[in-house]
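In mature numbering (1 follows the signal peptide of the UniProt record, and there is no 0), the protein residues as written are -15 to -1, 1 to 296. Note that beta-carbon positions come from the ideal geometry of N, C-alpha and C, so glycine has one too. Owing to the predicted nature of the structure, the values given are computational and were not obtained by experimental measurement. Let me begin by presenting the structure, written as structure tokens, before commenting on it.
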Ligand code: GZL
């Protein structure tokens, strides 16, 4: 190599100064905070000007943000829809303005022509993996379950419940005796778990299924304050694979989690760049992977690896 020779640096496919609006739900969970961090990183990598709007978990704020993006004439819109219904009108307005919309991590009950693609995991499958884990873990032994549901009316809450129920159906030893929303937050997860413990009696609760790890982490606090051992007296399975659930698992205080990648934006922005460059249309659903972690995994190592990723 001739010393000092210019090394060839291939030009990355710079997005011709694209401006993209991102209507984010809020920061209700560690996972959502990580998704925001990663989305900003993915936009930065591509030279995209990302307009970020945090809706504090209110649909009307998301609708306002989308209308503002349309008025600004953005090239595309990313939307993580807090609930599944009530989007048709504003998505029609985006369509009329010929601004493509990509859904992140949740879906909407709207005609498919109102969004370009949805980048999500298989939310029903996540629920069924959680249910199957409990079927295997209890091996026919009687186990009364309490369930912390996600945000009412959101596609993850609907689909994770459906998948879990499908997996435990036909196993009469498994019964959901209480089920209530904890709105995907730690604080509500703790409050609702406290009410479950009072209503059912801690000794009568065999397992907790939480639609996300943050509610499980809140519930762990409530279980401890009730003088019980989370992970032993009450088995805990949840979804997201955030660092703190792996810390809990490393301490034997939770039992299983299903990983949800916070990087929905990478595939979303790739699809948008391709479409905006030459009209390439992606599939209606870009599915992200789901992986089960249990106490058999090196949860401390996973915690260390994930703890600085923006959760
Ligand atoms: C699921 C996503 C959920 C996460 C929660 O795809 O929408 O929202 O599981 C978050 O942590 O609140």
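Sorry if obvious, but does the Cβ on residue i come closer than 7 angstroms to a heavy atom of ligand 1?
| i | result |
| --- | --- |
| residue 16 | yes |
| residue 85 | no |
| residue 70 | no |
| residue 7 | no |
| residue 169 | yes |
| residue 39 | no |
| residue 245 | yes |
| residue 105 | yes |
| residue 179 | no |
| residue 197 | yes |
| residue 159 | no |
| residue 141 | yes |
| residue 293 | no |
| residue 328 | Coverage of the chain is limited to positions -15 through 296, which leaves residue 328 absent and any answer about it impossible. |
| residue 90 | yes |
| residue 116 | no |
| residue 138 | no |
| residue 64 | no |
| residue 132 | no |
Measuring straight from C-alpha to C-alpha, what distance separates residue i and residue j?
| i | j | result |
| --- | --- | --- |
| residue 154 | residue 242 | 20 angstroms |
| residue 85 | residue 60 | 8 angstroms |
| residue 210 | residue 204 | 10 angstroms |
| residue 287 | residue 75 | 40 angstroms |
| residue 2 | residue 25 | 15 angstroms |
| residue 29 | residue 181 | 44 angstroms |
| residue 226 | residue 22 | 16 angstroms |
| residue 158 | residue 118 | 14 angstroms |
| residue 195 | residue 148 | 13 angstroms |
| residue 296 | residue 127 | 36 angstroms |
| residue -4 | residue 216 | The predicted position of residue -4 is uncertain, since its pLDDT is 46 and thus under 50; no value can be drawn from it. |
| residue 63 | residue 101 | 10 angstroms |
| residue 40 | residue 124 | 43 angstroms |
| residue 32 | residue 250 | 14 angstroms |
| residue 156 | residue 189 | 18 angstroms |
| residue 224 | residue 66 | 19 angstroms |
| residue -6 | residue 294 | In this predicted model, residue -6 has a pLDDT of only 48, less than 50, meaning its place in the structure is not dependable; the value taken from the coordinates is given anyway. Using only the alpha carbons, I get a separation of about 28 angstroms. |
| residue 237 | residue 115 | 18 angstroms |
| residue 283 | residue 290 | 11 angstroms |
| residue 164 | residue 178 | 10 angstroms |
Determine the extent of the beta strand (DSSP E) in which residue i is found, giving its start and end residues.
| i | result |
| --- | --- |
| residue 86 | 86 to 89 |
| residue 220 | 220 to 225 |
| residue 244 | 241 to 245 |
| residue 308 | Coverage of the chain is limited to positions -15 through 296, which leaves residue 308 absent and any answer about it impossible. |
| residue 193 | 192 to 195 |
Quick check on this structure: which residue in the options has the alpha carbon closest to the alpha carbon of residue i?
| i | options | result |
| --- | --- | --- |
| residue 106 | 271, 149 and 285 | 271 |
| residue 111 | 37, 151 and 122 | 151 |
| residue 229 | 247, 274 and 292 | 292 |
| residue 245 | 284, 16 and 2 | 16 |
| residue 77 | 103, 48, 163 and 40 | 48 |
| residue 221 | 50, 130, 68 and 45 | 130 |
| residue 92 | 57, 54 and 143 | 143 |
| residue 133 | 89, 103, 193 and 184 | 193 |
| residue 175 | 65, 280, 206 and 66 | 206 |
| residue 57 | 68, 37, 69 and 43 | 37 |
| residue 233 | 274, 199 and 13 | 199 |
| residue 253 | 273, 263, 235 and 283 | 273 |
| residue 191 | 269, 139, 169 and 218 | 218 |
Starting from residue i, trace the alpha helix (DSSP H) both ways and give me its first and last residue.
| i | result |
| --- | --- |
| residue 46 | 44 to 57 |
| residue 180 | 171 to 185 |
| residue 132 | No alpha helix (DSSP H) holds residue 132; the beta strand (DSSP E) holding it covers 128 to 134. |
| residue 113 | 108 to 123 |
| residue 297 | For the chain, the structure presents residues -15 to 296; residue 297 sits outside this window and is missing. |
| residue 67 | Premise fails: residue 67 is in no alpha helix (DSSP H) and is neither H nor E. |
| residue 158 | Per DSSP, residue 158 belongs to no alpha helix (DSSP H) and is neither H nor E. |
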